[in-house]
Amino acid sequence: MLGLVKIRVHRGINLPLKDTFHSDPYVVVTMGDQKVKTSCKKNNCNPVWDDELTLALKYPNVQIVLTVYDKDTFSKDDKIGEAKIDIKPYLKALEMSYHQDLPNGVKVGKVQQNRDNCLAKESCIIWENG
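According to the numbering used here, the sequence shown is numbered sequentially starting from 487.
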């Protein structure tokens, strides 16, 4: 294992209605063979999760995939959308900081949102427990 990756799933904006009058969205985060998910937000097209999810980083060339679903009671959950995040910029920032004696909580880098990375806002890379 190379380390742990913590992902904060903040919010969804203007998610489409998947049921007649509402959506019950949740997010599934996958990285390789690992899968974690947020809580489900009932009747909400603008959900705020603010959930922090942790995955074990086993391989440096793996992509993080966030998939938003609408929870259904009597049928298969509907897929609302998907975003992919390349982990390489985060690993590069950590590699550059690795041999420094840094205290916990120091921001060692950031990744700006752009069309290619599906980030909603700037993402910070925080040094925790070496």
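Every residue, glycine too, gets a C-beta built ideally from N, C-alpha and C.
Bear in mind that the values here come from a model prediction, so they are computed numbers and not experimental data.
- Message: Taking only three categories from DSSP, how would you classify residue 542?
- Response: strand
- Using 10 angstroms around the beta-carbon of residue 490, count the other beta-carbons present and answer buried if the total reaches 16, otherwise exposed. exposed
- Inter-residue Cα distance where the pair is residue 574 and residue 609: 13 Å
- Using 10 angstroms around the beta-carbon of residue 612, count the other beta-carbons present and answer buried if the total reaches 16, otherwise exposed. Note on residue 612: under 16 other CB atoms within 10 angstroms of its CB, so exposed under the neighbour-count rule.
- Message: Considering only DSSP beta bridges, list what residue 520 is partnered with.
- Response: Among the bridge pairs identified by DSSP, residue 520 is matched with 517.
- Query: Does the segment 558 to 565 come close enough to the segment 531 to 540 to have 3 or more Cβ pairs within less than 8 Å?
  - Reply: no
- Provide the residue span of the beta strand (DSSP E) that contains residue 548, from first to last. Careful: residue 548 lies outside any beta strand (DSSP E) and carries neither H nor E.
- For residue 492 and residue 511, the rounded distance between their alpha carbons: The straight-line gap from Cα to Cα measures roughly 21 Å.
- Chain-order list of residues whose beta-carbon lies under 6 Å from that of residue 495 (same chain, five-residue window excluded): Cβ-Cβ distances below 6 Å link residue 495 to 513, 524, 535 and 537 in the same chain, with the five nearest sequence neighbours on each side left out; the list follows chain order.
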